[in-house]
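What follows is a set of notes on a single structure, which appears directly below.
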Amino acid sequence: MELFNLKHKRALITGGTHGLGMAMAEGLAKAGAELIITSTTPSKLEDALAYYKKQGYKASGYIFDVTDEVSAKKNTDLISSEIGEIHILVNNAGIIKRDPAISMPVSDFRRVIDVDLVGPFIMAQLVAKQMIERKEGKIINICSMMSELGRNTVTAYAAAKGGLKMLTQNLATEWAKHNIQVNGIGPGYFATSQTEPIRVDGHPFNEFIINRTPAARWGNPEDLQGAAVFLASKASDFVNGQVIYVDGGILATIGKPSNED
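Here my numbering is used: the first residue of the sequence shown is 1061, the next is one more, and so on.
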């Protein structure tokens, strides 16, 4: 189990205040990591820190926008001086805007690319500088099945997540010689507060996901914890430039009709 031990490691999780980001952060904390959480919303950050501390995890938080290079640098420097060096970076912060490509405002497209692709680049670049000096580090980019597949109304998101997959591979190519592992996690469809209204019997999308997923269920947020701990730990020291899809097998199959066993 020493391969997966994260004691004495500090993990920075952008947007780790709710949903899948919080689940992955909790997985890292269970393995012994100290958490550093970012958000752009003070109330969300306060609630998340209260939860983490109630569970007995060591956690602190910082307010800044990952797309703001000046603020991101100021805060990562502050983290290093106040808490210590960052050993693990999880680029989780992201947004999605749903609109047909033909009518999507260019400003919305740019904003999604900025948050979901440029933000991870800014954070990786900042944190990697100290990792290179230390000759050790783990960077985990939260990709998506849209890193591989297209879908109606999510053109900007798919473009960003496809780019994030290639960013992962290129950063791994450049930084592996410094003993930095850069990998990604691609979540499938998960049971979160956002999907709760459609996860009911008889809802067309609920039926579609259950029939499309070989595991025949939605993912639970906790299902992401194992992949996060693996990619953050010594167990993955020779794994680089990979995206692990935690999707119940969706990408492994073209699916089956709903009337098939």
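Here a beta-carbon is modelled for each residue, glycine too, at the ideal position from N, C-alpha and C.
These numbers come from a predicted model, not from an experiment.
Item to complete: Below 7 Å CB to CB, which residues in the same chain sit around Ile1270 once its five sequence neighbours on both sides are set aside?
Response: Here the question's residue 1270 lines up with position 210 in the sequence shown. Contacts found: Ala1276 and Arg1277.
Fill in: Assigned exposure category for Arg1158 - 16 Cβ within 10 Å defines buried
Looking up residue 1158 in the sequence shown gives position 98. It is exposed - the Cβ of Arg1158 has fewer than 16 other Cβ atoms within 10 Å.
Item to complete: Would you check if the distance between the CB atom of Ala1292 and the CB atom of Leu1066 is smaller than 8 Å?
Response: Locating residue 1292 in the sequence shown gives position 232, where the first residue counts as 1. Locating residue 1066 in the sequence shown gives position 6, where the first residue counts as 1. A contact, by the Cβ cut-off of 8 Å.
Worksheet item: Roughly how many whole angstroms lie between the Cα atoms of Ile1123 and Gly1076?
Response: Residue mapping note: residue 1123 aligns to position 63 of the sequence shown, counting from 1. Residue mapping note: residue 1076 aligns to position 16 of the sequence shown, counting from 1. Roughly 12 Å separates the two Cα atoms.
Fill in: Span separating the alpha-carbon of Gly1092 from that of Ile1162
Reading the sequence shown from its first residue, position 32 is the one you call residue 1092. Reading the sequence shown from its first residue, position 102 is the one you call residue 1162. Answer to the nearest angstrom: the Cα atoms are 47 Å apart.
Worksheet entry | N-terminal and C-terminal residue of the beta strand (DSSP E) that Leu1149 is part of | Position 89 of the sequence shown, counted from the first residue, corresponds to residue 1149. From DSSP, the beta strand (DSSP E) with Leu1149 extends over Ile1148 to Asn1151.
Item to complete: Mind reading off the beta-carbon distance from Ile1182 to Ala1132? Whole number of angstroms is fine, and I expect it under 8 Å.
Response: As a first step, residue 1182 is located in the sequence shown; it is residue number 122 there, counting from the start. As a first step, residue 1132 is located in the sequence shown; it is residue number 72 there, counting from the start. About 5 Å; that satisfies the 8 Å criterion.
Practice prompt. Compare the beta carbon distance of Asn1135 and Asn1201 with 8 Å and say whether it is the shorter of the two.
Written response: Taking the sequence shown and counting its residues from 1, the one referred to as residue 1135 is at position 75. Taking the sequence shown and counting its residues from 1, the one referred to as residue 1201 is at position 141. No; because the gap between Cβ atoms is not below 8 Å, this pair is not in contact.
Worksheet item: Going by DSSP, which residues form a beta bridge with Asp1159?
Response: Translated into positions along the sequence shown, residue 1159 becomes position 99. Beta-bridge pairing links Asp1159 to Val1214.
Worksheet item: Straight-line CA distance for Leu1105 to Gln1241?
Response: Working through the sequence shown from its first residue, we reach residue 1105 at position 45. Working through the sequence shown from its first residue, we reach residue 1241 at position 181. About 28 Å.
Worksheet item: Which stretch, first to last residue, makes up the alpha helix (DSSP H) that contains Arg1259?
Response: Taking the sequence shown and counting its residues from 1, one reaches residue 1259 at position 199. It is not in any alpha helix (DSSP H) - Arg1259 carries neither H nor E in the DSSP assignment.
Worksheet item: Does the Cβ-Cβ distance between His1147 and Lys1225 come in under 8 Å?
Response: Here the question's residue 1147 lines up with position 87 in the sequence shown. Here the question's residue 1225 lines up with position 165 in the sequence shown. For His1147 and Lys1225, no; Cβs fall outside 8 Å.
Practice prompt. Would you mind reading off the limits of the alpha helix (DSSP H) that contains Lys1067?
Written response: Looking up residue 1067 in the sequence shown gives position 7. It is not in any alpha helix (DSSP H) - Lys1067 carries neither H nor E in the DSSP assignment.
Worksheet item: Looking at the C-beta of Phe1064, does it have a partner C-beta in chain C at a distance below 8 Å?
Response: The question asks about chain C, but that chain is absent: this structure has only one protein chain.
Practice prompt. Indicate the three-state DSSP secondary structure (helix, strand or coil) for Thr1077 in the structure shown.
Written response: Position 17 of the sequence shown, counted from the start, is the residue given in the question as residue 1077. If DSSP states are grouped into helix, strand and coil, Thr1077 belongs with coil.
Practice prompt. From the DSSP output, in three-state form, read off Tyr1305 for me.
Written response: Taking the first residue of the sequence shown as 1, we reach residue 1305 at position 245. Strand.
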